[in-house]
Amino acid sequence: MAVNYKKLFHLMIEKNLSNSDLQRKAGFSGNILTRLKRNRYVSLESIESICRVLECGVDDILEFVPEEGTENG
């Protein structure tokens, strides 16, 4: 399974929060933001800090999706 952070970016738009605002408030580097945009692995610590800033749960910012090229079941 792969991770998709599309929900995160939709929530940021709803809360009128820019990429740099999230980066500053959550206290992570620009590298983490790039990884989020590319749906790459991000540490649980980073996910936790994002959830704290956005006052939401993990399921509000990410979802697991089947990886391309794999069959379901």
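Just so you know, the numbering used here puts the end of the sequence shown at 173, numbered straight through with nothing missing. Where a beta carbon is used, it is the ideal one built from N, C-alpha and C, also for glycine.
Same chain, Cβ closer than 8 Å to residue i, neighbours up to 5 away in sequence not counted
i: residue 147; result: 158, 161, 162
i: residue 123; result: 129, 130, 132, 133
Unbroken beta strand (DSSP E) run spanning residue i, endpoints
i: residue 163; result: 163-165
i: residue 103; result: 102-104
Cβ neighbour criterion (16 or more within 10 Å) applied to residue i
i: residue 150; result: buried
i: residue 144; result: exposed
Contacting residues, own chain, Cβ-Cβ under 6 Å from residue i (five flanking each side not counted)
i: residue 125; result: 153
For residue j and residue i, believed in contact at Cβ under 8 Å, the rounded distance
i: residue 165; j: residue 101; result: 7 Å
Sequence-distant residues of the same chain with beta carbon closer than 7 Å to residue i, five excluded per side
i: residue 137; result: none
When the options are compared against residue i, the one with the closest alpha-carbon
i: residue 107; options: 121, 127, 139; result: 139
Residue i: CB within 7 Å of a non-hydrogen atom of the ligand SAM
i: residue 112; result: Annotation note on the ligand SAM: not contained in the displayed structure, which lists no ligands.
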